[in-house]
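This report concerns only the one structure given below.
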Amino acid sequence: MHVVVEFLEARPEHVAVVRAALLMLARQSVEGRHCRQLDVAADPLEATGFLVYRLYDDEAAYRAHTETPEHRAMGHTLAPWLASRRVLAYELISDSGQA
1 MHVVVEFLEA RPEHVAVVRA ALLMLARQSV EGRHCRQLDV AADPLEATGF LVYRLYDDEA
61 AYRAHTETPE HRAMGHTLAP WLASRRVLAY ELISDSGQA
């Protein structure tokens, strides 16, 4: 499995709209054929901070997801509302506590 973690920092004046957009992204992504899981978390101490956790079958599924029109549109929509964005990718070695 391929894991992608994004750390997002919204511009302070755009926190509410970033939150809404990320929740919409979560609903749409798991309805598609590429993404198995997408979770969004809000930082309880820093209102501008968000974490997005995505799970794919493999890197090819992730790449296919990033090529969808919906994913590209969301990236263009979010960009002006963000102060920063960091994306990290991992290979899952344990699933639900199973090593």
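Mapping the sequence shown onto the numbering used here, position 57 (from 1) lands on 57, and the numbers just tick up by one. Glycine is no exception: its CB is placed at the ideal position from the N, C-alpha and C atoms. The model shown is predicted, which means the values in this text are computed figures rather than measured ones.
If you compare alpha carbons, which of the options is closest to residue i?
i: P80; options: H65, A26, P12; result: P12
i: T77; options: A61, M24, E59, H34; result: M24
i: E46; options: A10, H65, A60, H71; result: A10
i: L82; options: L22, H14, R36; result: H14
Please classify residue i: is it buried, with 16 or more other beta-carbons within 10 angstroms of its beta-carbon, or exposed?
i: A99; result: Bear in mind that a pLDDT of 47 at A99, under 50, signals an unreliable position, so the number given afterwards is only what the model happens to contain. Exposed, by the Cβ-count rule.
i: S94; result: exposed
i: S29; result: buried
Give a yes or no on whether the C-beta atoms belonging to residue i and residue j are separated by under 9 Å.
i: L38; j: A26; result: yes
i: H101; j: A64; result: The structure shown does not extend to residue 101, since the chain is modelled only from 1 to 99, so the question has no answer here.
Per DSSP, residue i forms a beta bridge with which residues?
i: L38; result: R54
i: Y90; result: V3
Please confirm whether any heavy atom of the ligand FAD lies closer than 8 Å to the CB of residue i.
i: L92; result: Ligands are entirely absent from the displayed structure, and the ligand FAD is therefore not among its contents.
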